[in-house]
Amino acid sequence: MERRHLLRLLTAGLSIPLAPLQLAQAAQSSGRRLILVELSGANDGLNTVVPLRNDRYRDIRPSIALGSDDVFSLHGDMALNRRMRALMSAWNDGDMAVVQGLGYPDQNRSHFKSIALWENGGDGRQAGRNGWLTDDIESMGQSFDAHGISLDGGMGVFASSSGLWLSLTSLRQLKTLKDFQMNSTAASDSANPALALLMDRADTLDASMTRISKKIAAQPHYSTRLRFGNGDLSRQAALAARLIAADVDAPVLKLKISGFDTHEYQLGDHGRLLEDLAQALADLRTALRQSGHWDTTMIMTYSEFGRRATENRSSGTDHGTAAPHFLLGGSIRGGLYGEDPDLENLEDGDLRYTLDYRSLYDLILARWFGLNQNRFSNHAEDWLYALTA
Amino acid sequence: MMRTVIRTLATILSGWSFALAGAASADTRHLDARMNHADARHLLERAGIGAHPVEIKPMLQMTRREAIEHMVQQLDVSAPFLDPPDTYESRYPHHVSEGDHESADRQAFQIARNREMDAFRQWWISELISSPNPAGERLILLWHNHFVTAYSGLNEEVDAMTSQHMMLRDKGSGSFRDLLQAIIRDAAMLNYLDNSSNRKESPNENLARELLELFVMGEGHYSEKDVKEVARSLTGYDYNRLRRFEFEFNMWSHDKGTKTVFGQRGAFDGDDIVNLLLDQPQTALFLAETFWRAYVSEFNTDPVEQAKIAKAFRDSDYDIRTLLRAVWSSQAFWDASNRGTIIKSPVDLMIGSIRTSGKLPEDWQMLPYTLADLGQNLFEPPNVAGWPGGADWLTPARIVKRTEAVTTLAETPAWEPTDDQPVPAMMMAGDAGDNRIRVRYAAEDFEGPPAFLVRAFADEIGKDILWKSAVVQAQGGRDTARYGRADGGGGLNWTTAEFDLPPEIATPTSFQVAFVNDHCCGVGGSDGGDRNLFIDWLQFNDRLFLANDGMQRPGCRGSSSDNPAGNFYCSGHLQLSQSISVSASTANVDVEEPQGLQVGRIYYDGGRAFDRGRDHNWFSIGLDDVVFEDITIEALMFEITAKRIDGRMGLTLRLNERNCFPDCWNDRWPNASWTNRGTPYKEVEIPLTSRTDRTSERQFSQMTDQQRRLVSALWHSLPVMMTEMQKGRNWRRRDGEATLGTWQPILKSFEAKFQRSRFARLAPSEPVIITKPASDGAAMMGMMMASMADDAPFVLGLLRDDLDWTDQPAASVLDQPALGLLAGAITGPDDGFGFAELVREPAYQVK
């Protein structure tokens, strides 16, 4: 069967001219990258970044409040859960920032709905559609190996009908993706816009996979000197380190750690999760320092919402509102940002959020990627810009 | 004779339609053309799903106009071809009392609901394959993606999701006005877009905004003020979980004030808003554009044609059939420039292929997972805007999988009914059991599947071993080296393995599932896939061991905390000693028919602390599965009030129709019942002491003896209920102690009156018997067995074994090549170009 002949026939008589795909002009790639770390299940902020000197903290959490032996002091009244000690050197070196009180108006307490809001930049009044950074990152051009790569399989934060957003949970998949080739003989002369799009997508993917594969292949012995744990997040972090060390040019990587929905007897489980989180991020920092990429990397954690300030009757915490999150990187200004949680001013046992989480999105897009006009510019908080100054 | 009449009629009719066409403008002349193969395939794939030769051939005898009418006749799918699974059979606990259960039971409840959703999804997929009315199914798909609701956003309220689907079947091809009115009353929609929290004092704009932006008008055709005012109009539109998700207009939450919408002022409610929306010309245009993208082209537009379609729709007072007729009759629909300009959705690609080829693949039960993998998990659209379609189906993450999936489909052998395969023994819940161990698992393969074995123990901790199974290889795993890890549970193929415990072995107390051959990338992120095993549950006779309740001993760090028990990312074992009974039988089945009031569960609902200074104090108690003589009530909630009557405190018992399902009184309410203003619900209030108002007296005097006996039984059971409900979770979570502790003195002071009061003395001697089924047993067991008993769908609704032409060259199947886009490609019967070649063509990805 003559494929070329066949495709001509397929498209014969379709008189619409080929619609060229919107190829934005290649912007100068800054070489910077963002690593998103989703804490799935809703992390308990008050037992992560702890208001240790606040008596009210022990009142509302009689059975799960942490004591001074359980924490490291950060600044002022606030302390870090001791299970995160692997990150203490990052904190001491000024490579770690804690941004407190993050939330949004009209809190939605459904895991499904609220993580979608964090992923698409919405709030309880209006949900977004695409991933929060997809449009802006795509506007930076097509010169990347990929716009973003999810290492946990989740693509919600990369929801976009355009752009090169990949899911790659193992390097073996490179081969599958690379082997994929459409018979594209007819693409160039296809007048059918749907077929033209298909062929163009196939070509782009093929080219991207070829580039990434070559970069990985160029350093076959990379992994021998690195130590990562065996947990799920550690594996993702190891893969991220490998891709970055190979100079795979993707501005966004996404990782995930699950299990934070600690409704019952949370102390042990929550501690272990934080330990895994801290260890994976600390290992990633070590690896990226070694490969010389730490200064061009920013890591950000996020989660559906925080947990209720008051503990429940099962020594756990229910779905809540505001929470702190972490930013890490070699060129950020570490420290404690935002207001300490106000435990005297709870709303039905919940913290009031003091900073719209989208200010963080603006910070990243504006200050990290240089996109001063971005989707979240209206949430810009000047004082927060000190973090990247 | 009859035949002659019909032929004559047909002649007249066709002559008439010709005359009509002749009178009409050039606009409709193209509809007189006789259908060719390409036309038939085009119409079937666009208006329906796939295009099989047996569907194409009859169309070759029709004009386009007749063929369109043929498709229009398919639009009513209110009666599906296959029976949908009944999801509300012997439900326990009920949604409203779910929160009162402890975590293991709640989890079992959620698993059962998720399983019902899976079964319903599987059913719809079977229906899409089987339906003789693909045009109707296509329309339901369109509405599902228009009035978007996702099951994940519904807190396991599966019945709301399935009722919405059936509502779309009922109303999807009638009047758009009726459909909109049903949508703003639809429980799943009201939940998904948070209208339950849209109250007068704190409006929530979600539903209002999406109604304007996504459902009716489109962005840019309304103001922010309109959104706010529409939201106010929709305040109080809610539903009742206790009454199986029935719509409920909550008048106390409704903002009755004047609103201004599109310049019109009035005290609008939801129906007024629907009418106002349909008065806007933009509405018909927005719907015409939506239907255009679904049926004509995702890439090309034509404002003139779209305006004509919109006009026809509006002129018909929003008749959906008229809209579809207008779309399919437009020149644009048939024009060559629009053919092949829609990217096939995963449903088009997979189910369309099955319908086109007539071949049901033997692994058809995996279709829901394949569709999810390709991005179209039915009942789980990604967000309120639905599946974007078009380019979104071709993201890098999906483009490879699409070709892979459809090639695999072509290569998979056809499903064959086997007579010799024994029907799995349907183990009836509560049976002595068949001594069979069932393990539900899913696998991720890497250089081979995971292997596991099951051990049975006499003790709880796994020391005293009784038996162990052979090592089995997991089936149906996902190849992680090629496709990566599953994206959440949705990407896993769940399977059930069975083991027979030899009869001589004593009944085990606990079980262990051991994952024995982990294989992975090792330390430090070297490349590779990962071999993982996921366990959902183990079932032995009437005991169900949920993996989540088990203790997992991992061989590696990390997996104990960042994953729930049952997820094996490395070798180890899962010790299962906690089980729940899935027996349907009640805890105390007696030979004797129990007398008096029987109740499945008693739980604390809410209330406030007793305050002598207040004239009106209350608390409420919920009951599940009430049986009293011949009255059966699935769910009942009643209120005890302490109110001051003539200066002295008295107790009353208040029953409201909205708090009973199906009804508090077997549909015989006293004539003197109150009806709350603005609600359709009746209410009675029965005093305990004689100090009462006249209406209450009349309500009581109009009751039947049986009804009085029930009231008495409730009074007499109050002390027992107060004790019983303290065992539930609501009591702890809602601070029952602090609230109801304050009630003890007043209740004590009235207890003696339970015996003497004329309103309460007809009680049976036994106050209340708690029948308490251990869990959602029967329903859950039914769901577990359901996948084994599923019947394979009939392709196109036909029981014909010659439908499948995939082993033949495409050309030999048809007089002329039927696959329109490939016209001319196939030269003769022997050119070897068959179904497997066809699906690999890029052109097969579009329609």
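If you read the protein sequences in the order shown, they are chains X and D. Each number in my numbering comes from the position in the first sequence (counting from 1) with 40 added on. Each number in my numbering comes from the position in the second sequence (counting from 1) with 1323 added on. We treat Cβ as the ideally placed atom computed from N, Cα and C, and that holds for glycine.
- Annotation: D1517 (chain D) to T1830 (chain D) spans about 49 Å, alpha carbon to alpha carbon.
- For W334 (chain X), not one C-beta of chain D is nearer than 8 Å to its own C-beta.
- Put simply, the CB of L1897 (chain D) is far from chain X, with every gap to its CB atoms at 8 Å or more.
- In this structure S2080 (chain D) does not touch T1975 (chain D) by the C-beta definition: roughly 11 Å separates them, more than the 8 Å allowed.
- Check the Cα spacing between L279 (chain X) and each of X:W408, X:A236, X:A327: the tightest is with X:A327.
- By the neighbour-count criterion, in which a residue is buried when 16 or more other Cβ atoms sit within 10 angstroms of its Cβ, W1716 (chain D) is buried.
- Membership of H1467 (chain D) in the alpha helix (DSSP H) is indicated by the continuous run 1457-1467.
- Here T2015 (chain D) is buried. Its C-beta has 16 or more other C-beta atoms within 10 Å.
- The Cβ-Cβ distance between A1554 (chain D) and N1527 (chain D) falls below 8 Å.
- By the rule that beta-carbons nearer than 8 Å mark a contact, T2065 (chain D) does not touch chain X.
- Between A1633 (chain D) and L1600 (chain D) a beta carbon distance of about 14 Å is seen, past the 8 Å cut, so the two are scored as non-contacting.
- Beta bridge pairing from DSSP links T1998 (chain D) with D:K2005.
- With contacts defined by Cβ atoms closer than 8 Å, E351 (chain X) and G141 (chain X) do not form a contacting pair.
- Beta-bridge pairing by DSSP links V1795 (chain D) to D:F1775.
- For E1734 (chain D), no Cβ of chain X is located within less than 8 Å of the residue's own Cβ.
- With its beta carbon less than 8 Å from one in chain X, Q2168 (chain D) belongs to the interface.
- Between W1790 (chain D) and the set D:E1783, D:Q1798, D:L1451, D:A1779, the nearest pair of CA atoms involves D:A1779.
- Contact annotation: the segment 127-136 of chain X does not touch the segment 1453-1467 of chain D, with fewer than three C-beta pairs closer than 8 Å.
- The beta carbon of S207 (chain X) sits closer than 8 Å to some beta carbon of chain D.
- In this structure, E2047 (chain D) sits away from E2006 (chain D), with a CB-CB distance that is not shorter than 8 Å.
- Residue pairing from DSSP places I1968 (chain D) in a beta bridge opposite D:R1971.
- According to the DSSP assignment, S2040 (chain D) belongs to the alpha helix (DSSP H) that extends over 2028-2047.
- For L204 (chain X), at least one C-beta of chain D is nearer than 8 Å to its own C-beta.
- By the rule that beta-carbons nearer than 8 Å mark a contact, M195 (chain X) touches chain D.
- Within its own chain, the residues whose Cβ lies closer than 7 Å to the Cβ of T1558 (chain D), once the five positions on either side in sequence are excluded, are N1521, R1522, K1523, P1526, S1576, H1577, D1578, listed in chain order.
- Counting the other Cβ atoms within 10 Å of the Cβ of A320 (chain X) gives 16 or more, which makes it buried.
- Looking at X:H419, X:R169, X:N148, X:D84, the one whose alpha-carbon comes closest to that of G356 (chain X) is X:D84.
- Each residue's CA atom was taken as its position, placing S1676 (chain D) and F1622 (chain D) some 23 Å apart.
- In this structure, the beta-carbon distance from H1360 (chain D) to I1379 (chain D) falls below 8 Å.
- A Cβ of chain D is located within less than 8 Å of the beta carbon of K153 (chain X).
- Here M340 (chain X) is actually not in contact with I252 (chain X); their C-beta atoms are around 23 Å apart, not less than 8 Å.
- V1707 (chain D) has its alpha-carbon roughly 41 Å from the corresponding atom of Q1796 (chain D).
- Scanning chain X for C-beta atoms nearer than 7 Å to the C-beta of L1717 (chain D) yields L237, L238, R241, reported in chain order.
- The beta carbon of A1356 (chain D) does not come within 8 Å of any beta carbon belonging to chain X, so the residue lies off that interface.
- Listed in chain order, the positions of the segment 1542-1565 of chain D with a beta carbon within less than 8 Å of a beta carbon of chain X would be empty, since no residue qualifies.
- Between the beta-carbon of M239 (chain X) and that of P2165 (chain D) there is about 7 Å, and that keeps the pair under the 8 Å contact cut.
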